[in-house]
Amino acid sequence: MHHQTTQSFRRIKTATLYLTTWDLTILNAHYIQKGLLLRKPLPSLEDPNPADTFIDQLKHSLTITLTHFYPLSGFRRLGYVVCGHIRLLPMELLRILNECAVFCTHNSVGAEFIHAAVDLSMMDILTPIDVPQIVQSFFALEGAINHDGHTEPLLAVKVTELLDGIFVGCSFNHVVGDGTSYWNFYNSFAEISRKLRKTSNEAEDYHNFDCSISHPPITKRLFLAGHGDTPLINLPFSHHKEFVSRYIQPPLRERMFHFTAESIAKLKAKASEECNAKHIQISSFQALSALVWKSITRERNFPSDTKTSCKLPINNRPRLKPPLSANYFGNSVSVVFGTATSGELMKNGIGWAALLLHEAVKEHTNEKIRKSVDEWMKSPHIFKVAQFIDASSVVMGSSQRFGVYGCDFGLGKAVAARSGYANKFDGKVSSYPGLTGTGNVMLEVCLPPESMRALESDKEFMDAVSLHDIHSVHLA
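Position one of the sequence shown corresponds to residue -15 (this note's numbering), numbered consecutively onward.
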């Protein structure tokens, strides 16, 4: 396995990016770990070692991409502003946390690039019922939390060669950006790689390469009105040990479930009919989330008075007034949720549960977003993962709206998307766009073994799942 620190051939912008309320609350969460499995390029007379060529091009592509997303490279370390003076301090010397920031300097070390290889085929990864545990090794910084950005790179790209494929996995500090930001970066990384492959025979001098990208990030942090451009955020701690908390993942099974557009349309129609309100438009995702919430709760076999919840991440960008650009590079996500007892979920249809989620989303307005920021500023706190999850909740993560399969590194459409160890727990469900067809959705479900076995036998849930082996068809 080869490690390399990636630096830009251009000078990185010198800047200090202050962390917002949305950034600071997730210091205890894991890095984002997402990646794509690609077909391995075939050898030719012109290039007998195309995989080596591709990986070398990936290094150059990453270097170029980081000139746009300089927060991931230029400020390799998280730092603090202590008593108004910008200083990078060892955490054991930190006593007063007045303000948090990330620093970008000309001599910053940069992101990490790792090249590894395994003696496995793509089908070894795709055909098992459960996601093989070895997939977790396709990502760097396993178990790292965002606070570790003081000592770890904020971005680590690990490229793993399979016998017939290449997996490009990124570990991305969540304090730097949310899922929207991550996939904007990943798409731009793929765009540069694709352009580089097309021109590699002609453009050996990378200084003359067209470095533009379709969606340049907006890196200036947003501080909502009333708090200044760089507010002093007084955290009520004297030492990081007072707020740092690490979550240890319990034994889990992880399985991908595929839902076709037709199946989801039926769920949506059923939910809309059951909620008995013609003026309410239940979304496809609300209907699907309601099915997942009800099904997992049923398999947990709780007493009827047990309180349960379904939590949905929600993008604040389009809900703010004025709206925030989709290219905003940072965190702008809140969590909304529906709550109900186990008995209520069991006696009502998915339309009733979907309506709870619909109302939670509807109520998440510009005013509510700004009020929550005001309240946090009055009483700053950092979430512990254990406070966010519980044995009776379902958490829907990621989004089927992210342009996952639009990422083309120059090797054609990806074969599959997979994630690492990060941020997984009992009841975590991550959604991805389906591999084939518009409107298809793939759900990555994490449950204890006994709960997963029960879910696999749940008629209502499995009737909505497509058992078609889409990966085998796509690889044929």
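Heads up, the beta-carbon is just placed ideally off N, CA and C, and yes, glycines get one too. Please read these numbers as outputs of a predicted model, since none were measured by experiment.
Between F241 and L427, the gap from beta carbon to beta carbon is short of 9 Å. Counting of Cβ neighbours within 10 angstroms places H223 among the exposed residues, the total staying below 16. Residue pairing of A140 in beta bridges, as defined by DSSP: E96, S155. In the same chain as A13, and ignoring 5 residues on each side of it, the C-beta atoms closer than 7 Å to its own belong to I129, N130, H158, V369, N407, in chain order. As DSSP reads the structure, F445 sits in no beta bridge. Per the Cβ contact rule, the segment 96 to 103 is not in contact with the segment -1 to 13 (fewer than 3 Cβ pairs under 8 Å). DSSP places A101 in the strand class (E or B) of the three-state scheme.
Going by beta carbons, K252 and S267 fall inside the 9 Å limit. The C-beta distance from V143 to I39 rounds to 6 Å, short enough to meet the 8 Å contact threshold. Look at K291 here: in three-state DSSP terms it is strand. Taking one beta carbon from each stretch, the segment 433 to 446 and the segment 232 to 248 have 3 or more pairs nearer than 8 Å; the two touch. In its chain, beyond the 5 residues on either side, L21, P116, V119 have a beta carbon closer than 7 Å to the beta carbon of I109. In this structure the segment 170 to 177 lies against the segment 385 to 397, because at least three pairs of beta carbons, one per stretch, are closer than 8 Å. The three-state reading of DSSP puts K204 in coil, since its state is none of H, G, I, E or B. The three-state secondary structure of V379, taken from DSSP, is strand.
Taking 8 Å as the upper bound for CB-CB distance, G411 and I280 are in contact here, some 6 Å apart. Pairing M330 with S288 gives a Cβ-Cβ distance under 9 Å.
Cα atoms of M380 and P112: separation of roughly 23 Å, rounded to the nearest angstrom. Across the set L180, L139, P201, H44, the C-alpha of P201 shows the shortest separation from the C-alpha of T164. Note that the C-beta distance between R402 and K18 is below 9 Å. Counting other Cβ atoms within 10 Å of its Cβ, D132 reaches 16 or more and is therefore classed as buried. With a contact defined as Cβ atoms closer than 8 Å, K278 and I197 miss out at about 42 Å. T349 sits exposed, since fewer than 16 C-beta atoms from the chains shown fall within 10 Å of its C-beta. In this structure the segment 297 to 306 touches the segment 344 to 364; the number of beta carbon pairs closer than 8 Å is three or more.
Taking all protein chains shown into account, G421 has fewer than 16 neighbouring C-beta atoms within 10 Å of its C-beta and is therefore exposed. Taking every protein chain shown into account, the CB of M106 has 16 or more other CB atoms within 10 angstroms, so this residue is buried.
Apart from the 5 residues on each side of it in sequence, G153 sits with its Cβ closer than 6 Å to the Cβ of G19, F122, F123, K142 in its chain, given in chain order.
Between L11 and I366, the gap from beta carbon to beta carbon is short of 9 Å.
With a beta-carbon spacing of about 12 Å, I373 and F321 fall beyond the 8 Å limit used to define contacts. In the DSSP assignment, T51 falls within the unbroken alpha helix (DSSP H) covering 34 to 52. CA-CA distance, R385 to N168, rounds to 12 Å. Going by DSSP, S403 is part of the beta strand (DSSP E) stretching over 400 to 403.
If you draw a straight line from the Cα of R354 to the Cα of Q270, it comes to about 24 Å. Per DSSP, the unbroken alpha helix (DSSP H) holding G163 starts and ends at 163 to 183.
For P417, no alpha helix (DSSP H) segment is defined; the enclosing uninterrupted segment is the beta strand (DSSP E) at 412 to 417. Per the coordinates, the alpha-carbon of T292 lies some 37 Å from the alpha-carbon of P137.
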